[in-house]
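This report refers to the structure that appears directly beneath it.
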Amino acid sequence: MKDTFLDANFPRTSDGRVYHLGLRSGEVANRILTVGSPSRAETISLLLDESASVKNSRCLLKLSSERGFLTITGHFNGTPVSIISIGMGYPNMDFFVREVRECVDGEMVIVRLGSCGGLTEGLSVGSLVIPAGSVSIRRNYDYDFTEVSTSENANKNAYQISKTVMADAELSSNLADRLINAPPPKSQLVIKTGSINASADSFYSSQGRQTSFPDHNETLIDDLIAQVPNIATLEMETFHLFHLAASWRPKLLQERESHGPVVPPTKLPVEPSIEASPSTTLPISPSANNKPGPKDGQVRGIRAAAVQMVFANRRTREFISPDVVRDLEAWSGRVVLEALCSVPL
Numbered sequence: 116m117k118d119t120f121l122d123a124n125f126p127r128t129s130d131g132r133v134y135h136l137g138l139r140s141g142e143v144a145n146r147i148l149t150v151g152s153p154s155r156a157e158t159i160s161l162l163l164d165e166s167a168s169v170k171n172s173r174c175l176l177k178l179s180s181e182r183g184f185l186t187i188t189g190h191f192n193g194t195p196v197s198i199i200s201i202g203m204g205y206p207n208m209d210f211f212v213r214e215v216r217e218c219v220d221g222e223m224v225i226v227r228l229g230s231c232g233g234l235t236e237g238l239s240v241g242s243l244v245i246p247a248g249s250v251s252i253r254r255n256y257d258y259d260f261t262e263v264s265t266s267e268n269a270n271k272n273a274y275q276i277s278k279t280v281m282a283d284a285e286l287s288s289n290l291a292d293r294l295i296n297a298p299p300p301k302s303q304l305v306i307k308t309g310s311i312n313a314s315a316d317s318f319y320s321s322q323g324r325q326t327s328f329p330d331h332n333e334t335l336i337d338d339l340i341a342q343v344p345n346i347a348t349l350e351m352e353t354f355h356l357f358h359l360a361a362s363w364r365p366k367l368l369q370e371r372e373s374h375g376p377v378v379p380p381t382k383l384p385v386e387p388s389i390e391a392s393p394s395t396t397l398p399i400s401p402s403a404n405n406k407p408g409p410k411d412g413q414v415r416g417i418r419a420a421a422v423q424m425v426f427a428n429r430r431t432r433e434f435i436s437p438d439v440v441r442d443l444e445a446w447s448g449r450v451v452l453e454a455l456c457s458v459p460l
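Those letters in the sequence shown? Residues 116 to 460, per this note's numbering, in order.
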């Protein structure tokens with residue numbers, strides 16, 4: 116039987132679990148590595164410290180929510196960390212950032228390790244990219260896509276490109292330094308830094324892929340390259356992560372100055388599948404009885420960065436092989452965990 120929700124504004128169960136991720140305070144760390152696929156989360160979780168409290172396990176908590184999110188919390192080199200698989204796209208990134216923010220007190224550090232497409236011929240599959248910022252590209256729903264596409268009207272107003280939102284510069288630099296200096300999984304590994312990413316609202320139309328739908332996107336990639344200086348990659352999540360990380364702190368400051376702190380309902384639907392020690396409240400975050408938000412008068416924000424694995428080159432149409440994916444995930448996952456857990460909070 117499903118749990119009952121106690122507030123439609125910010126749904127939580129009676130024991131404080133958020134709606135989509137199924138988590139509550141004490142089950143997620145302030146340092147988070149987020150990925151798209153559950154298998155990637157499982158692979159990277161093998162790098163966690165062996166748990167002293169859970170026999171034959173490297174995690175203190177493993178929770179699969181009914182909505183498809185997987186959270187694995189443990190320690191890496193003695194530092195609490197969570198690995199969370201969220202799936203694809205803006206909506207899932209939104210569920211993840213907003214709900215985890217209400218389960219964690221203090222500063223959050225989030226690194227996304229995900230796949231992307233490369234937009235230049237020099238960015239071969241198997242390369243790594245640490246973007247300095249990201250733009251959003253989305254389908255313009257007011258555009259008449261039934262109009263016959265011609266060379267004159269192709270792409271005109273069919274897609275909307277946002278301004279750039281920047282990653283956390285210090286965190287990105289830390290990631291880049293560690294990736295560049297770590298022994299690579301292959302002799303020639305391209306690592307690109309300082310470029311701009313684009314996050315699309317579709318895998319197909321707003322990424323310039325051709326299907327039987329009249330998407331008016333034949334020149335979309337060329338238009339992106341022309342309009343966004345130093346653009347290198349295209350995927351579906353990074354922009355929204357950077358946007359939420361950049362916007363959370365100013366909003367909280369504004370509310371505090373005008374009305375005092377605004378706190379979501381304390382009554383936190385999922386039936387989570389939990390593999391953990393007898394007590395799933397971990398010594399990594401405040402207890403479920405604490406209200407979300409800062410307690411010491413300081414406003415602590417969300418620091419975010421991304422490491423992108425090039426799975427496809429959109430110019431050459433090359434696609435990555437499974438063995439390269441396996442090696443790249445394991446190697447980059449370890450380095451990202453090292454960087455993430457080195458960040459002081």
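C-beta atoms are modelled at their ideal positions from N, C-alpha and C, and glycine is treated no differently.
### Query
Sorted by chain position, which residues of the same chain lie with C-beta nearer than 6 Å to D130's C-beta, five sequence neighbours on each side aside?
For D130, where only same-chain residues beyond five positions count, there are no Cβ hits under 6 Å.
### Query
Can you tell me where the beta strand (DSSP E) with S251 in it begins and where it stops?
According to the DSSP assignment, S251 belongs to the beta strand (DSSP E) that extends over G248 to R254.
### Task
Classify V378 as buried or exposed, calling it buried when 16 or more other Cβ atoms lie within 10 Å of its own Cβ.
Note that V378 scores 45 on pLDDT, short of 50, meaning its location in the model is unreliable; the coordinates nonetheless yield the value given after this. The residue is exposed, with fewer than 16 neighbouring Cβ atoms inside 10 Å.
### Task
Give the range of the alpha helix (DSSP H) segment to which S457 is assigned.
In the DSSP assignment, S457 falls within the unbroken alpha helix (DSSP H) covering P437 to S457.
### Query
When you compare only the Cα positions, how much space is there between I435 and A123?
Using only the alpha carbons, I get a separation of about 43 Å.
### Task
Take L286 and list the residues in its own chain whose beta-carbon comes closer than 6 Å to its own, dropping the five residues that flank it on each side.
Sequence-distant partners of L286 (beyond 5 residues in either direction) whose C-beta falls short of 6 Å from its own C-beta, in its chain, are R418 and A420.
### Query
What's the call for E350, buried or exposed, on a 16-neighbour Cβ count within 10 Å?
It is buried - the Cβ of E350 has at least 16 other Cβ atoms within 10 Å.
### The beta strand (DSSP E) enclosing T348, as first and last residue numbers
T348: member of the beta strand (DSSP E) spanning I346 to E350, first to last residue.
### Message
Using a Cβ distance threshold of 8 Å, determine whether the region 207-226 contacts the region 321-333, with at least three qualifying pairs required.
### Response
In the pairwise beta carbon analysis, the region 207-226 is classified as not touching the region 321-333: fewer than three pairs are separated by under 8 Å.
### Query
Which residues mark the beginning and the end of the beta strand (DSSP E) in which G151 is found?
In the DSSP annotation of this structure, G151 is not part of any beta strand (DSSP E), being labelled neither H nor E.
### Message
Helix, strand or coil, according to DSSP, for F125 in the structure here?
### Response
F125 falls in the coil class under three-state DSSP.
### beta strand (DSSP E) runs contained entirely in the region 283-326, provided each spans 3 or more residues
You should have 306-308 and 311-315.
### Task
Could you spell out where the alpha helix (DSSP H) holding A341 opens and where it closes?
From DSSP, the alpha helix (DSSP H) with A341 extends over L335 to Q342.
### Task
Report the rounded CA-to-CA distance for V244 versus I187, giving the unit in angstroms.
C-alpha of V244 to C-alpha of I187: approximately 25 Å in a straight line.
### Query
On the premise that D442 lies in contact with P300, defined as a C-beta separation below 8 Å, what is that separation, rounded to the nearest angstrom?
Right, the Cβ-Cβ distance comes to about 5 Å (below 8 Å), so this counts as a contact.
### Query
Should N145 go down as buried or exposed, given a rule of 16 or more other Cβ atoms within 10 Å for buried?
The residue in question, N145, is buried, as its Cβ has 16 or more Cβ neighbours within 10 Å.
### Task
Since I believe C231 is in contact with F426 (beta carbons under 8 Å), could you give me their beta-carbon distance rounded to a whole number of angstroms?
Rounded, the Cβ-Cβ distance is 7 Å, consistent with contact.
### Query
If we call anything under 9 Å between Cβ atoms a contact, is S310 one with P246?
Closer than 9 Å, so yes.
### Query
Helix, strand or coil: which one does DSSP assign to T119?
Of the three classes helix, strand and coil, the one that applies to T119 here is coil, per DSSP.
### Message
Mapping the DSSP letters down to three states, classify D411 as helix, strand or coil.
### Response
Residue confidence is low: D411 scores 46 on pLDDT, short of 50, so the model does not pin down where it sits. Its coordinate-derived value is still stated next. Coil.
### Query
At which residues does the alpha helix (DSSP H) containing V215 begin and terminate?
Per DSSP, V215 belongs to the alpha helix (DSSP H) from G204 to R216.
### Message
Out of S249, R127 and S152, which one is the CA nearest neighbour of S140?
### Response
It is R127 whose Cα lies nearest to the Cα of S140.
#### Entry: CB-CB length for M281 against F357, believed under 8 Å
Confirmed, Cβ separation roughly 7 Å.
### Query
With burial defined as no fewer than 16 other Cβ atoms inside 10 Å of the residue's Cβ, what is the status of G193: buried or exposed?
Counting the other CB atoms within 10 Å of its CB gives G193 a total below 16, which places it among the exposed residues.
#### Entry: K278 burial status per 10 Å Cβ neighbour count (16 or more: buried)
Per the 10 Å Cβ criterion, exposed.
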